[in-house]
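The structure appears right after this line, and notes come after that.
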Amino acid sequence: MSRFLKPRKKRKGLPPGSLVYLGESKNVPVEMTLISYSPDSVDERRLVDLHEAAKLATNPKNVSWLNITGSVEKSIMVDVGERFGIHSLWLEDVLNTDHRPKVEELDNLIFVIVKLPKLEDKDSGKVSFEQISIFLGEGFVISFQEHPADTFSSIKERIQKGLGNVRSAQADYLFYALIDRVIDDYYDAVENLGARVEKLDAQLREEMDDFDSHKIIELRNEFLFLRKSAVPIRDSLKSILSSKKDEIQQSTKRYFRDAYDHSIHIVETIDGYRELLKGQVDAYQNMLNQRMNEVIKVLTVFATIFTPLTFIAGVYGMNFRYMPELTWQGGYFFSLGLMLVVALALLYYFKRKRWL
Amino acid sequence: MSRFLKPRKKRKGLPPGSLVYLGESKNVPVEMTLISYSPDSVDERRLVDLHEAAKLATNPKNVSWLNITGSVEKSIMVDVGERFGIHSLWLEDVLNTDHRPKVEELDNLIFVIVKLPKLEDKDSGKVSFEQISIFLGEGFVISFQEHPADTFSSIKERIQKGLGNVRSAQADYLFYALIDRVIDDYYDAVENLGARVEKLDAQLREEMDDFDSHKIIELRNEFLFLRKSAVPIRDSLKSILSSKKDEIQQSTKRYFRDAYDHSIHIVETIDGYRELLKGQVDAYQNMLNQRMNEVIKVLTVFATIFTPLTFIAGVYGMNFRYMPELTWQGGYFFSLGLMLVVALALLYYFKRKRWL
Amino acid sequence: MSRFLKPRKKRKGLPPGSLVYLGESKNVPVEMTLISYSPDSVDERRLVDLHEAAKLATNPKNVSWLNITGSVEKSIMVDVGERFGIHSLWLEDVLNTDHRPKVEELDNLIFVIVKLPKLEDKDSGKVSFEQISIFLGEGFVISFQEHPADTFSSIKERIQKGLGNVRSAQADYLFYALIDRVIDDYYDAVENLGARVEKLDAQLREEMDDFDSHKIIELRNEFLFLRKSAVPIRDSLKSILSSKKDEIQQSTKRYFRDAYDHSIHIVETIDGYRELLKGQVDAYQNMLNQRMNEVIKVLTVFATIFTPLTFIAGVYGMNFRYMPELTWQGGYFFSLGLMLVVALALLYYFKRKRWL
Amino acid sequence: MSRFLKPRKKRKGLPPGSLVYLGESKNVPVEMTLISYSPDSVDERRLVDLHEAAKLATNPKNVSWLNITGSVEKSIMVDVGERFGIHSLWLEDVLNTDHRPKVEELDNLIFVIVKLPKLEDKDSGKVSFEQISIFLGEGFVISFQEHPADTFSSIKERIQKGLGNVRSAQADYLFYALIDRVIDDYYDAVENLGARVEKLDAQLREEMDDFDSHKIIELRNEFLFLRKSAVPIRDSLKSILSSKKDEIQQSTKRYFRDAYDHSIHIVETIDGYRELLKGQVDAYQNMLNQRMNEVIKVLTVFATIFTPLTFIAGVYGMNFRYMPELTWQGGYFFSLGLMLVVALALLYYFKRKRWL
Amino acid sequence: MSRFLKPRKKRKGLPPGSLVYLGESKNVPVEMTLISYSPDSVDERRLVDLHEAAKLATNPKNVSWLNITGSVEKSIMVDVGERFGIHSLWLEDVLNTDHRPKVEELDNLIFVIVKLPKLEDKDSGKVSFEQISIFLGEGFVISFQEHPADTFSSIKERIQKGLGNVRSAQADYLFYALIDRVIDDYYDAVENLGARVEKLDAQLREEMDDFDSHKIIELRNEFLFLRKSAVPIRDSLKSILSSKKDEIQQSTKRYFRDAYDHSIHIVETIDGYRELLKGQVDAYQNMLNQRMNEVIKVLTVFATIFTPLTFIAGVYGMNFRYMPELTWQGGYFFSLGLMLVVALALLYYFKRKRWL
């Protein structure tokens, strides 16, 4: 739940643009990788500081991709800001790992913040989010990740091996490829949660006793979290598509249009599952009510049949001195017969009421 | 449920535009049919490969309709792409049989993806969807179906026999006719599911005991699936209607307007049924609660009447040596009378409370 | 429920624009009435075929109103189409009595489809709908009704007697008057259903036992049907008001604006009643729950008080040879006293719990 | 409930523009007051007929305010219509006291219909509405009220005593002042109903037994009615603000902007209370369920403990000739001990289940 | 609840623009502070009356910030209005501490009303709101607070110490900084209430008995209040961003854009928590129902097993003279055996029904 909002105490009262890292684990070591490529050459290396980057990314025709992972310190951000002309408010957004996903275009830069969904562990089905910030400038892309995971390794491989269009295209295509990669992980997350919904559905249908109704609510919440970070991605892609600026070429927009389609698909699928879960809550309530009905019917039938019988037995168990029936020869069998008649009459009554 | 999303593992990590078939059954044999017609001639034949198509569709005044069914291999798609100038991202969308319905206009082509609803089997009332992709270019229409069903046979017949306007019209009219055909199947699906809703309603009114409340939820879900694929068709038709491009002639737009009306009708009808089902959930809950009330009333009346009677019988069944009543001549009848009075008083009480 | 969708089997597979009558009762005889009027003359006569119409409606300054009722055959429609220049798709819409209400402007014609609500019978409160199609052209109005009811008799009378503005106005005013007449029937339907809501409300307040909760759901559904056909009328009127074409004069628009106000009023009132019915569902659930609570309290109090008393009686009904109390002189009265103390203690307990 | 719609039988079938009074009480005597003022003079008098008005309102620099209350007859409306150039459709709207609130600008006139909320009586909390129609023309304002209440007396006083800006301003300011006065009464109504919501909330928190759940639903309905007439006022003010016509001066628009703010505030507050009431329905349901749980627990604990004890007593109350325990010296105490053990075991069981 | 609307009796009937203080505590002493600064100088002092302000704020290049706290009297407002050219309607809005948050641009001034959320006390989780009104004019900012809290102390400190950009920027940046400060307090409030939601969630999961379901509803209401004042802030910032006027420079808009992002984030987070709370209501209902089911099952099993046993005991406790079984040697053990068989059969039955 605290996933909604990270504590902001560190920042409170500071002037806007102050560079304070808000991530949870401040100790993730920083790694910087620079990949510089053109249609016919690739160069990838780890950087120790950003001065190297300056030396390496000299060829104006190359596309340079600077990928920074870990809990970045203020000094690095200041360097990045100066070298690439990024405003301090944007640098602050990168460090504020609780920032809302968004896209902004200013100063010939496009700045995108997206959330990468990850299944925390396979059993609980909890989804956590990593903030990924990407800048697109002329000839370069800078991406920030909270964790040094190999999220973008497939793209690195495509660059290295020259698969697909990435090598022959400009920086805007790389920018697209990174966002597309993030969207792929939404498909994974939705698929995984969706399988859980399906499993719950099967359990509901079998009317299992150990059905855990909490799981419906929990899944609903997970889809809520997923939706909350997927919708701004969809909106960001829409705003990129309708942008008049020329940081992104017309030919690349076709790819963004494709990514936009996927983002709509994801949001619609999430909404669909949320509807299904709503139906499950209803189905579960119905199941509970039906069972309660059944239990109470059994109770009623049993209690209602035996109550008058026990009463008759009680009457003939009274110790009055003068009770004519007691002395009858067939009194006992008469009483048993009476009980039988009463029982049968009640059974017939319940049969007609369709309780049996 | 997995109907929401097909597993994407095959595609994961591949660059966009990779041609991988995502359909479930890869083994449906591919069939290609080319129909070439003008107001006064028709020619229909099965193709083995696309090179034939080139030879046949030579008359520029003819309309050529290439219909491809089955699980298409990559090579065919590459051929289609080259011959008709279709971008690889669109080819990829054709193979991705899980794609969201949409319309796109680019490069003098209109590309439409729609979902054809089919009742899986008559009893379960489950609706499955087949993806149909249609390209409209200058003088040609290309359609892709997952299964070699005779979905479009009525249109083929109209072309063969020259019924309606199709022969005298251009390719855009054929394009419309295919989409209109798909919309017809939505009417069928809605009609079929609607009949089930009606049946449930009648059962609810008769307050049948074996009423299966799961069916309400299941129907709700089926309508949800239907809506999810019908809404984008409506939106696609709207966007075609408001398009300024001239792939579709003004005279044909009148027909698209008609199809658009139908698509609105379908979505509104689906929404109407969803509202009705919502009402049924409420009605069912009320029915369950009313019954529970009734059962519990019976239990209460019986238990409450016999409990004091049995108690009285219990008192006079005690074995105290000195119990004056026991020795009374009419003690027994006195006790029976007492019981009667208590029972009548309670019956009067319940009568006044209107529980009887 | 089948009111949502009429079976379309007759049309299936036919090319668009095929003229097939979809109404339920094909046997309603067709009646054609032509009223031709100017500020100072009126002429009304029944037609046998449309050739007469040509002869009669010769004065270009006159307004001609052709009213056709019953299950129209194809041949008449073809005649109408040719004589007045109406496209076959529109003719098809007239015959498709299940068509969604709409307005379309094309070829100097305005075409409107509306649904006339009728209370099927006074008791059930079911609303059925008759499709009314109206064409407005230069100097003429053509209206189609499914049934030969006297829906428009008041307008005929106003024309005959020269009441109001209709005689001195153009065809567009007549067009308005017909639509306004239909809207009046919505007021009737809403008023009638609204009275039922009110009656239910009173019954709920009196907490009657024979309250039929199905009626709430049924009324909700009727309002749903009503809304479904009233909303497109509102939207049609809005689109007529904002139309730039000059089929409808500025002075007549004032009247359309008035009709538009009424259509908004109707939709808002329907929505209001739907909200009230939502509240009734809640109120009914609360009533049921409160009653169940009360019943169970009675059961609990009775059962809980007598259970220990019966137990005490049972104990002293045991047949052990050595039970000291049994031989006490006042054993019996001691046991009765004990029971009294237990009963009073329990009564006090329930009093404090406020169950009594 | 009939508050939603007044019966329209009187009007049915009449041509539009027919002047028929639809108010409930036709017998409210008509009163006409004319106030004519300029920055330095005021003249107020009751009129017997409208001819006087003509004589009095001669100075073109004066602002004339004609206030007409009561159930106006047709003849007066016709006079008003002729003298001030008001279209008969608008006159009809004034008489139709069930008209939807609206604003219209035409023929250099602004016509506004608003509903004045009144608490019918303090106890029931029912809100009734009086229709107020106001016309703004060049130099004059005409207002119609259903009842001769002193709704506008404070404004009259401000005119008489020259308080505020009203005397020095034009007719448009008076027009604003009247609307603003109506809005003030919405604040009163919302405040009063809001106090009831608060009281219900306190009662719910104390879990009172005589809590009347009907009141929640009734209050919800009252807010529904209030909203239904407040929203069109908000929308009317918005449309006045964005109007390009110059009936209302720029300097007066600032006041309308203020009134618009208030109308938004009222609608938002109503929506807020409706949300609170929704929460109360949930809270009430929870309360009922919790209590039911508690009652049933008591029943279960009692019944479950005494049932086996009574059974044991029953066993030793059997009359078999050969029952060893009966002849034991300590048989009685053994049986009592057995009962104690069983009772304690059950108590422990319920304790562990936390039912005690 | 009365937090929705403060009583307006004081104002009723007064002409608009009347300056009447509506705050609750009229006795908060007024404090006026003037801070005048330029990039290289700061001057802060308490004012006794506004004439001093005139003397002090002479340098046209300086930014002057006049901060007024407490329950301001009419005379001060009149002075402020005259000195800074503020319309009396705006002055009235400042005093009406119940005003809806808004932004208005007129006469080269921007006027903003926002609500500062405060946790009333830590335990109850109730949020109260203080109204803050801010004017931005050329070279000056005037802010009004209801309470003399040190809300803006951090900004004062930044001005004094020259931290961040505030000293080097214009008045519009100060205007931004004040609004940003208010937004920070929304984060605090949301964080605090969110922690409560989380705590409730944990309690629900542990299915605690003393779970107070009222708290869910109360928290929902608090979020409702919070949303009601956060949404207009978001909308105000959006309107400032899209304003074409030049009171706010382009470079400062970047900061407003940042604040706008935060306001969206806050509203989205509030909506997220409201969804979570909706899930909790469902979860709680499920929990109650499950428990009820369990309790009733225990009751049913116990009652149903012992009822027939007690009945058998009752039969053999009857006092008929001729009851063959009573005289059997093993009659007693036969009856016990019979009971055992019945009990086992019922246990088996319940086992199969999975009630045990």
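Residue numbers (numbering that gives the first Met the number 0), protein chains in the order written: chain U, 0 to 355; chain X, 0 to 355; chain V, 0 to 355; chain Y, 0 to 355; chain C, 0 to 355.
By construction, the Cβ of each residue, glycine as well, lies at the ideal position given by its N, Cα and C atoms.
To which residues does DSSP link residue i through a beta bridge?
| i | result |
| --- | --- |
| residue 136 of chain V | V:139 |
| residue 37 of chain C | C:40 |
| residue 102 of chain U | U:111 |
Does residue i come out as helix, strand or coil in the three-state DSSP assignment?
| i | result |
| --- | --- |
| residue 70 of chain U | coil |
| residue 202 of chain C | helix |
| residue 291 of chain X | helix |
| residue 306 of chain V | helix |
| residue 317 of chain Y | coil |
| residue 242 of chain C | coil |
| residue 0 of chain U | Unreliable placement is indicated for residue 0 of chain U, whose pLDDT of 39 sits below 50; the coordinate value is still reported in the next sentence. Reduced to three states, the DSSP call for residue 0 of chain U is coil. |
| residue 327 of chain V | coil |
| residue 168 of chain X | coil |
| residue 28 of chain U | coil |
| residue 42 of chain U | strand |
| residue 126 of chain Y | strand |
| residue 47 of chain X | coil |
| residue 85 of chain U | coil |
| residue 248 of chain Y | coil |
Got a sec? Which residues, its chain only, sit under 8 angstroms from residue i by beta carbon, not counting five neighbours each side?
| i | result |
| --- | --- |
| residue 283 of chain V | 203, 210, 212 and 215 |
| residue 355 of chain Y | 300, 346 and 349 |
| residue 153 of chain V | 180 |
Leaving out the 5 sequence neighbours to the left and right, which residues in its chain are closer than 7 angstroms to residue i when beta-carbon positions are compared?
| i | result |
| --- | --- |
| residue 337 of chain C | 311 |
| residue 256 of chain Y | 240 |
Taking any Cβ of chain X, which residues in the region 225-252 of chain U have a Cβ under 8 angstroms from it, in chain order? none
Name, going along the chain, the residues of the region 291-316 of chain X whose beta-carbon falls closer than 8 angstroms to a beta-carbon of chain V. 291, 292, 295, 296, 298, 299, 302, 303, 306, 307, 309, 310, 313, 314 and 316
Does the pairing of the region 62-70 of chain C with the region 130-150 of chain C give three or more beta-carbon distances under 8 angstroms? yes
Report the residues of the region 250-271 of chain X with a CB closer than 7 angstroms to any CB of chain V, ordered along the chain. 253, 254, 257, 260, 263, 264, 267, 268 and 271
Pairing CB atoms from the region 165-182 of chain V with CB atoms from the region 204-213 of chain V, are three or more of them under 8 angstroms? no
Which residues, taken in chain order from the region 318-341 of chain C, show a beta carbon closer than 7 angstroms to some beta carbon of chain U? 318, 319, 320, 321 and 322
For the structure I just gave you, are there three or more beta carbon pairs, one from the region 310-317 of chain U and one from the region 326-342 of chain U, closer than 8 angstroms? yes
Beta carbons nearer than 8 angstroms to chain U: which residues of the region 113-144 of chain X have them? none
Members of the region 156-180 of chain U that neighbour chain C once the beta carbon cut-off is set at 7 angstroms: none
Contact list for the region 199-221 of chain U against chain C, Cβ threshold 7 angstroms: 208, 212, 213, 216, 219 and 220
Any contact of the region 269-283 of chain Y with the region 194-201 of chain Y, i.e. 3+ C-beta pairs under 8 angstroms? yes
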